[in-house]
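For the sequence shown, the residue numbers in my numbering are -13 to 77. The C-beta atom is built at its ideal place from N, Cα and C for all residues, glycine as well. The structure presented is a predicted model; accordingly, all values stated were derived computationally and were not measured.
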Amino acid sequence: MKLIRIYMFVVTVFIVNCIPGSQREACRYNAESKKNNCEFAQILVLISTQRKASVSEEMLTGNALIECQKYYEEIENCKKEENDYIPSIYG
């Protein structure tokens, strides 16, 4: 009986956290975690242009900009037409 309750709890948590949708929506949902890097990069560029930045700050800014570029490339890959017709679960 106790095992059945644990199983039902796990299944309920899984169902509540999963969202059915298309592959495009799942791709965009997964890319959202990289969006913060773009906002961080914008702040770093603004700060570094207002004062003389050290080499480590420039490297940090460069890495953040590269991550931002990867985010936008991933978003572009999500826009493929075939992704609209592939069902997916995300969350």
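My guess is that residue i and residue j are in contact by the Cβ rule of under 8 angstroms, so how many angstroms apart are they, rounded?
{"i": "Ile61", "j": "Arg14", "result": "7 angstroms"}
{"i": "Cys24", "j": "Cys54", "result": "4 angstroms"}
Nearest by alpha-carbon distance to residue i: which of the options is it?
{"i": "Ala27", "options": "Asn49, Glu18, Met(-13) and Ala17", "result": "Asn49"}
{"i": "Cys64", "options": "Asn16, Pro6 and Ile(-8)", "result": "Asn16"}
{"i": "Ile52", "options": "Val31, Glu68 and Glu67", "result": "Val31"}
{"i": "Glu67", "options": "Ser8, Ile29 and Thr47", "result": "Ser8"}
Is the separation between the beta-carbon of residue i and that of residue j shorter than 9 angstroms?
{"i": "Ala12", "j": "Tyr76", "result": "yes"}
{"i": "Ser21", "j": "Lys56", "result": "The residue asked about is misnamed: residue 21 is Lys in this sequence, not Ser. No."}
Taking DSSP as the reference, what is the three-state secondary structure of residue i?
{"i": "Ile(-8)", "result": "helix"}
{"i": "Tyr71", "result": "coil"}
{"i": "Ser40", "result": "coil"}
Take every Cβ of the segment 70 to 77, pair it with every Cβ of the segment 39 to 48, and state whether three or more of those distances are shorter than 8 angstroms. Cβ pair count under 8 angstroms is below three, so no.
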